[in-house]
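In our numbering, the protein residues as written are -3 to 119.
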């Protein structure tokens, strides 16, 4: 006899999967930040691109975008808020100016994307 699942069970399962995915994003961000910090301590990945920016700032920008999306869309589980804040502090310790610039920019972009998504949903 096949198992029958209610629509509620499906949505509950889907929600749990999304929560796990968001936690994995946070864990990966921590790994990236630890890697950036370690490479800088070893004086690796500190060369500059053609515009004079250290290569690692683009890695910080990537983490900033990922974390900004979670923050703006309110996808961070309450129990992981402190962890999220620790990640932001870790990024600031690596390069405060780069983190501040890229995170602020990413938050603004994500807010704009969300506004556009919501306005499209109104049609």
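Just so you know, even glycine gets a beta-carbon here, dropped at the ideal spot from N, CA and C.
Item to complete: Report the partner residues of residue 73 according to the DSSP bridge assignment.
Response: Per DSSP, none; premise fails for residue 73.
Fill in: Complete alpha helix (DSSP H) runs within the region 60 to 111 (minimum length 4 residues, chain order)
77 to 90
Worksheet item: Taking three-plus beta-carbon pairs below 8 Å as touching, is the region 63 to 82 in contact with the region 34 to 43?
Response: no
Fill in: Nearest-angstrom beta carbon gap, residue 53 and residue 91 [assumed within contact, 8 Å]
6 Å
Discussion item. Quick check: the region 75 to 85 against the region 32 to 41, are at least 3 beta-carbon pairs closer than 8 Å?
Written reply: no
Worksheet entry | 8 Å Cβ cutoff met for residue 25 and residue 56 | no
Item to complete: Ignore the nearest five residues each way along the sequence and tell me which others in residue 103's own chain have a CB closer than 7 Å to its CB.
Response: 64, 67, 68
Discussion item. So, at 8 Å on beta carbons, what are the nonlocal neighbours of residue 71 in its own chain, with the 5 sequence-adjacent residues on each side left out?
Written reply: 14, 18, 65
Worksheet item: Anyone know if the C-beta pair for residue 95 and residue 60 falls short of 8 Å?
Response: yes
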